[in-house]
Structures are given as structure tokens and as C-alpha cells.
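Each protein sequence line maps, in turn, to chains A and B. Taken in order, the first sequence gives residues 1 to 342; the numbers are from the UniProt record's numbering. Taken in order, the second sequence gives residues 1 to 342; the numbers are from the UniProt record's numbering. In what follows, a structure is listed as C-alpha cells, so that the remarks can point back to it.
Number of protein chains: 2
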Amino acid sequence: MGASRDDKSRNPRQSESGAVSIRDVAKRAGVSIASVSRALNSGSGSVSKATQEKVAAAAQALNYRPNQAGRALRSQSTNTFALINSNIQNNFYAAIAWELERLLSAEKSALLVYTSNEDAETQDRCIEDIRSRQVSGVFFLCAVDSPGLTTLTKNDPVVFINRRLQSCPEISFVGIDDEAAARAQMRSGARRDLRNIAIIHGPESSDTSARRLRGMLDAARDAGANIAPNAIKEARLSMESGYDCAGPLLDDKNLDAIFCGNDQIAYGVYRRCLERGIAVPDQLRIYGFDDNPMNEWLAPWLNTVRVPHVELARTAVEQMQTLTGNGAAREILLPYELIQRA
Amino acid sequence: MGASRDDKSRNPRQSESGAVSIRDVAKRAGVSIASVSRALNSGSGSVSKATQEKVAAAAQALNYRPNQAGRALRSQSTNTFALINSNIQNNFYAAIAWELERLLSAEKSALLVYTSNEDAETQDRCIEDIRSRQVSGVFFLCAVDSPGLTTLTKNDPVVFINRRLQSCPEISFVGIDDEAAARAQMRSGARRDLRNIAIIHGPESSDTSARRLRGMLDAARDAGANIAPNAIKEARLSMESGYDCAGPLLDDKNLDAIFCGNDQIAYGVYRRCLERGIAVPDQLRIYGFDDNPMNEWLAPWLNTVRVPHVELARTAVEQMQTLTGNGAAREILLPYELIQRA
DNA sequence: AATCATATTGGAAACGTTTACAATTGCGAG
DNA sequence: CTCGCAATTGTAAACGTTTCCAATATGATT
Chain A
1 MGASRDDKSR NPRQSESGAV SIRDVAKRAG VSIASVSRAL NSGSGSVSKA
51 TQEKVAAAAQ ALNYRPNQAG RALRSQSTNT FALINSNIQN NFYAAIAWEL
101 ERLLSAEKSA LLVYTSNEDA ETQDRCIEDI RSRQVSGVFF LCAVDSPGLT
151 TLTKNDPVVF INRRLQSCPE ISFVGIDDEA AARAQMRSGA RRDLRNIAII
201 HGPESSDTSA RRLRGMLDAA RDAGANIAPN AIKEARLSME SGYDCAGPLL
251 DDKNLDAIFC GNDQIAYGVY RRCLERGIAV PDQLRIYGFD DNPMNEWLAP
301 WLNTVRVPHV ELARTAVEQM QTLTGNGAAR EILLPYELIQ RA
Chain B
1 MGASRDDKSR NPRQSESGAV SIRDVAKRAG VSIASVSRAL NSGSGSVSKA
51 TQEKVAAAAQ ALNYRPNQAG RALRSQSTNT FALINSNIQN NFYAAIAWEL
101 ERLLSAEKSA LLVYTSNEDA ETQDRCIEDI RSRQVSGVFF LCAVDSPGLT
151 TLTKNDPVVF INRRLQSCPE ISFVGIDDEA AARAQMRSGA RRDLRNIAII
201 HGPESSDTSA RRLRGMLDAA RDAGANIAPN AIKEARLSME SGYDCAGPLL
251 DDKNLDAIFC GNDQIAYGVY RRCLERGIAV PDQLRIYGFD DNPMNEWLAP
301 WLNTVRVPHV ELARTAVEQM QTLTGNGAAR EILLPYELIQ RA
């Protein structure tokens, strides 16, 4: 039976598609495909040492690699995870993505990377695609609210990194206590006697940005800092937006410091200062948030809050493993660190 | 037959696995799975308008997404590409990755991202994984020589971006004329009368770095520039390595400029200058290569060569499409631009 | 009204795995 | 020598698609 099937559907040497399948290995090793599968996965049911060796030799000789599509179809598990990133150009996010990839590849898993650009519609397109690819889990690096998210979180393990969504309180989250960190940073500024300050915060629609703003305002009030009525501005989380917002603020010659919702915004502020001939940090201090790994090299003028991106990624992967093992969703806050460079 | 099969293997409402399959759609629409497939793909063989609508409605109602594993298994084509990046933390590379993702997602394809860290063994592990995932094509962003590469290039469409390999002359390449660009940059430095110069080039094992070095030396000789015997150093393509190499060079107080193999190296040099109290660009000019998109914001002191990363990605995707359509491998050089900031 | 061409449809096979189940083997004990 | 048990192996079904082929419905032409 099996033989006749083989005879008519297989070429003598190898499959016509060019790819070598488990069948080819079985034939060469002189065993059944079931044995090949068992030998290679050494999972359910054991094989004799002789078979094990024959199969290994045949697989080696044919340069066989199991077809993941077949495996995924049968076992309902692609070893594939997805990352939806808001903006891979932000080096801080890229560093997290890189760490995720590193950790996952150590577990024989691969990472599909998507970019949402903080846009709900784009994010939903990514989610659509992900849902059809039967991924094992999805990481969000700065998620935004979008209709498709509900369906996804219902069916797949999801971990939010760095930003959670109020609309998804039951979803795992790994980040820092943004409000406390912002408060601590503002207090540290107050201790340096930076009295006249401005704030350029991220979109209030972002939970993270909102918390950071709350913390800043809270601590500023406590410290009795001076914030002019129009010295609190909302920006998008980009350099351009920081640049735009900084313009009017810099007219105030008494300004001591600008506190920014993240480092990208701070970069924009910096450039505006350069153009205006304002010396940083001598005339004006700039505070950011995240601590982009490049700061150490390129932004010695930047004070910021270090979000531990390596640990963030590690913890996110651990939590993902918990979820795929049917563990409970958790909210995990990691320690942050104030970085005062100038 | 079909009915009895359905009766015993399907729940009345939906598949027990939670995922809705083409069968569920077919049942709800009251047509065969073949018709559903045809209606949704509108490919081989047409369907009547009535069926089309019934299927669309059912798919919509059940929130159906075709299972890519099944599709891939049958049609031997995952709409998935892989990118092996040498170092995603380099913003210049991240920008290319981002652009690739953007272009591919517009074609309903996804991108698996790997990081090789310029390490042959790591790259081979990535290639192993890729080979088992039946990807439609592989992009390399700065490939290194490795044993697995030969097998891969034999079986899958491959496009090299930014760096080619002498060992793979038949593989498509998209980049710039590095030697000419380096020559032009060095000449532009000579015209500014930067006579005493040093060079920190990338690894000579990298074709790109070697070409850049050749161009620099060539133009420096023509211009009669002064290069002290120990003022040509080989670095890895990292900020740390640039920092290390810069140390000894900066002892020469007459130095006018340092030309670096890429921007990362230049960042390391910059930091060393800061620490030594050397004013950039007043006392020393720094030249890099690539033009990291963040330079505009953070490195106004950096002269560099802009490699058109958006066009690079676009051209790479186009060439990949050519390859998958059985077109010929090509070597494509795009125009570069000298950026003189300081 | 009967016939034929054409447009649609459904049945079934195939893609490459994993795994439940049955069959076979080897081997020691009765 | 036979029996039974454990270890190993093979057979076949199933995962969700796409697509070939045959069957049916539709509509036009005689």
C-alpha cells in the first residue's frame, strides 16, 4: 500500500519540488515516516538506538529540514511570535525588539516584526495578518486602542510592553511605574533648583504619557515650581513634534528646564536650542524619558529616566511563556533609574 | 459522506479549537469549501455573484481568517520574507528594516527579522531556521560569509543590501558605489584643506568597508594628504570600537580630521573627543558614512555620506519581486549624497 | 422541446507533518 | 515450546488549504 503510493507520487531521487521531505528521509533510512518524526523530535514514544542513528544519518545526508508549514498545520503551533512596534526607528524600541529576537531565537522561535506607527488602522491591519498566521503569541511595544485588539486578546496570548491600554485591563503588561518615575525625576530637578520649567508631554491618549504627565505635575506642584500657563504642551512622540513644541517655549528667557515625555521629544528640543543658540545644558537643562541606548554616545546633555530595556524584554518573554503555559496575566513593574548627565 | 464526516468531527457551532476554518464558512454559506476558497481568492475559476456574496457574508459573520499554515502547505508559498540584519541597534539599519516591513506589508507579506551580529555562526543558525520556514525570500542587511549561505542562495531568492559578499558574486545586490563615495568624500575634505587626517575603517573582511577604505586611501594619496603611519586603524562597526580606536589618534594635536568607516564609529570618536575636551568641529572634523537618520537631530557636527536608505529598501523589494518572478540577479548601485554639516 | 455550449459548483486529492492505534518484534518465564 | 509482556515500528487519519476534474445547472440555439 504505502509502497504503491510512493511509486506513483515520488521520483526515485528526490521530491520534484526540490525540497526534501520526511518521506525522503524515511525512504533513505529504510524506516517509516512515523519513526523519522519520532526520531527527530524524540518526543512521544521512543525509538531504538539503531533507528535513531539511521534517521540522523539520512537526515544529515539529505540536508533535511522539517517543513514548518506541515508541522504547524498538524500540531497547531508555529514557533512564531509577533511584535507590533509603534516605531522601530526609535532606538529604544529597536533595542527591545533586538533583545526579544535574541531571546526567542534561543528557544527556536522566530519573530515577525510589524510597525503600527501609533495608528489604529495600521495596527488592525497588522493584527489581521497576525491572526491568519497562527502565531504563538503577540508582543505589543506601545499599543494603541483599535477595534481588532479585542478579538486578538481574546484568542491569543498578548503581552504589552512599555505601554498598557486602559481598555485592556486583563492583559499582561511589563513596564515601569511611569508616574513614580516622572515624580522622582521632577523632584530631582527641583533639588537642583530648576524653578522655571516647561513640560512637553506625549499624547494623553497614551496611558504611559498620561501617567508621566501626572507624575510631573504632581511633583512640580509639591516643589512649588513655576510653570507658565502655556508652558505645558502636548506632542506626538517624535523628534519633529518636540522641535515644533519647543519653538514658542524658548521665547521665555528665564526658563531653567524643559521636561519631555520621552527622549525623542527631547532630541527635537535640543535641535531647536542649537538653532536658537541656546547653550545646553548651561542655559537650559533638558530632561527626557526612556534612555535611548545612544544617549550615552550622542546626548551627554540629556537627563533622563532609564527604562531597563533588556530586563523589559526578558520579563516580557518570561511572561509570554507563562501565558502559553496557561498561566495568569500579570502586570509587572520593573525598577527604573534616574540618569543625570548634565 | 461529507456530511457524516462533518457530523462526527465538527461541533455544531464552531470548531472545538476555537479557530474558524473554511469548513465553518462553507457550512454557514451553504456551499462547498471549494467555492469558499474560490470566492475568497477570486483566483482560478470564477464564482457566481450570489455565491460570492453568501461567502463574503458568512466569512464576515464568523470573522474568518484563512489559516496560513494550511495555505502555505498546499500552495507552497508563505507570504513571508526574512531579513537577517547584522545589528538592528544601528538606526540606519533599523530604518531600512522599517521600510522593508512597510513595503512588504503593503503586499500582504510579513517579515521575519533576525539578527546576526556579524557573526557567521549566528547567521547560520538564522539560516537554518529560515530554511525550515519556507520563506519566499531572504534579505541580508550586511551579510557575513558563512557555510550555510551557499545552500540558502542555491534554494531561495536572496538579496544583499548594503554589503555584498565576494564569495557570492551571483547574488543580487543593492547598495551604493562605496569606493567612489569614499573617494568623493575624501576629496571634499581635501578641498577644505584638511591636510592631517586619520582613518578608522571597518573590518577589511567586509567588502563594503574594504571598498570605502580603498576609496579613502586613493583620494588621500591624490590630494597629497598627510596620514601618519599609525593613523589608519581598523575597527569593528560599533561605537565602542570607534571610541577605542580614537584614543591614540587624538594624541596628535595637529590632526585636522578623522574619516570613519561608518557613523557608529564616528559616534565613538565624538565621545572620545568630548572626554578629551577637543572641540568638534572647531578643532577636529569628523567624517562618517551612511547618514543615520538621527544625525539630523543629534549629530550636527557630523559630515557623512548619505546612503539613500528608503530607496535601498524599495529597490531591494523590487529586485526580490524580480527574483521570485524568475528574473535575473542584478547588482544595483544607487546614487549617494555628500552631507557636510560642519 | 430538445440539444448543446458554457458557467458554476462539489468531490476529492494533495501539500508535510504528528500521533493514536494496531501490528510486529524480541525475549524471558512458565 | 509456548505464552505473554514490553519495546519498537508501521499504518492511517487529521490539520486547513487549493485546485483538478467531473458533475450539475443555466441559458441560448436549433
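Note that CB positions come from ideal geometry on N, CA and C, so glycine has one too.
Beta-carbon separation (whole angstroms), residue i vs residue j, contact threshold 8 Å
| i | j | result |
| --- | --- | --- |
| Val174/A | Ala316/A | 5 Å |
| Ala110/B | Leu112/A | 5 Å |
| residue 373/B | Gly202/A | Since the first residue shown for chain B is 1 and the last is 342, residue 373/B is missing from the structure and cannot be characterised. |
| Ala118/B | Val144/B | Sequence inspection shows Glu at residue 118/B; the Ala mentioned does not correspond to that position. Their Cβ separation, rounded to whole angstroms, is 5 Å, which keeps Glu118/B and Val144/B in contact under 8 Å. |
| Asn79/B | Ser136/B | 7 Å |
| residue 370/B | Ala82/B | Residue 370/B falls outside the range modelled here, since chain B spans only 1 to 342, and no answer is possible. |
| Arg272/B | Leu250/B | 6 Å |
When the options are compared against residue i, the one with the closest alpha-carbon
| i | options | result |
| --- | --- | --- |
| Pro169/A | Ile339/A, Leu338/A, Pro335/A and Glu331/A | Glu331/A |
| Ile176/B | Leu312/B, Arg74/B, Tyr93/B and Leu141/B | Leu312/B |
| Asn226/A | Glu204/A, Ala56/A, Ser206/A and Ala257/A | Ala257/A |
| Lys253/B | Ile265/B, Ile278/B, Leu237/B and Phe259/B | Ile278/B |
| Phe139/A | Glu337/A, Gln319/A, Pro335/A and Arg341/A | Gln319/A |
| Asp207/B | Gly261/B, Ser241/B, Gln340/B and Gly30/B | Gly261/B |
| Asp282/B | Ser167/B, Leu194/B, Ala29/B and Arg28/B | Leu194/B |
| Gln340/A | Leu333/A, Asn326/A, Asp291/A and Gly148/A | Asp291/A |
| Pro308/A | Leu302/A, Trp301/A and Pro293/A | Pro293/A |
| Glu337/B | Asp178/B, Arg191/B, Asp222/B and Ser42/B | Asp178/B |
| Gln321/B | Asp156/B, Ser46/B, Ala94/B and Glu128/B | Asp156/B |
| Ser241/A | Gly137/A, Ser75/A and Asp263/A | Asp263/A |
| residue 353/A | Ala181/A, Ser172/A and Val55/A | Since the first and last residues shown for chain A are 1 and 342, residue 353/A lies out of range. |
| Glu204/B | Pro300/B, Leu165/B and Arg192/B | Leu165/B |
| Val310/A | Asn196/A, Glu101/A and Arg187/A | Glu101/A |
| Ala342/B | Glu99/B, Pro300/B and Ile127/B | Pro300/B |
Limits of the beta strand (DSSP E) - the one that residue i falls within
| i | result |
| --- | --- |
| Tyr64/A | Per DSSP, Tyr64/A belongs to no beta strand (DSSP E) and is neither H nor E. |
| Val31/B | Counting along the chain, Val31/B falls outside any beta strand (DSSP E), and DSSP gives it neither H nor E. |
| residue 345/A | Residue 345/A is absent from the model: chain A starts at 1 and stops at 342. |
| Ala82/A | Thr80 to Asn85 |
| Ile197/B | Ile197 to His201 |
| Gly242/B | Per DSSP, Gly242/B belongs to no beta strand (DSSP E); it is in the alpha helix (DSSP H), Met239 to Leu249. |
| Ile232/A | Ile232 to Glu234 |
Start and end residues, alpha helix (DSSP H) containing residue i
| i | result |
| --- | --- |
| Thr322/B | His309 to Thr324 |
| Asn295/B | Asn295 to Leu298 |
| Ser209/A | Asp207 to Ala223 |
| Ile172/A | This sequence places Ser at residue 172/A; Ile is not what is there. Segment Ser172 to Ile176 is the beta strand (DSSP E) holding Ser172/A; no alpha helix (DSSP H) there. |
| Ile96/B | Asn91 to Ser105 |
| residue 357/B | In this structure chain B extends from 1 to 342, so residue 357/B is not present and cannot be described. |
| Lys154/B | Pro147 to Asn155 |
Residue j beta carbon less than 8 Å from that of residue i
| i | j | result |
| --- | --- | --- |
| Ala97/A | Ile88/B | yes |
| Gln134/A | Ala69/B | yes |
| Asn63/A | Ser21/A | no |
| Ala59/B | Val25/B | yes |
| Arg23/B | Ser132/A | no |
| Ala266/A | Leu302/A | yes |
| Arg314/A | Leu104/A | no |
| Asp218/B | Arg183/B | yes |
| Ile200/B | Gly189/B | no |
| Phe160/B | Ser146/B | no |
| Phe259/B | Met186/B | yes |
With 16 other Cβ atoms within 10 Å as the buried cut-off, status of residue i
| i | result |
| --- | --- |
| Pro229/A | exposed |
| Lys233/B | buried |
| Pro335/B | exposed |
| Leu237/B | buried |
| Asn41/B | exposed |
| Asn326/A | exposed |
| Gly288/B | buried |
| Ala95/A | buried |
| Arg38/B | buried |
| Ala57/A | exposed |
| Ser167/B | exposed |
| Asp6/A | Model confidence at Asp6/A stands at a pLDDT of 35, short of 50, so the residue's coordinates are unreliable and nothing is read from them. |
| Arg28/B | buried |
| Ile275/A | Note that residue 275/A corresponds to Glu in the displayed sequence, not to Ile. With fewer than 16 Cβ atoms within 10 Å of its Cβ, Glu275/A is classed as exposed. |
| Gly224/B | exposed |
| Lys154/B | exposed |
| Gln123/B | buried |
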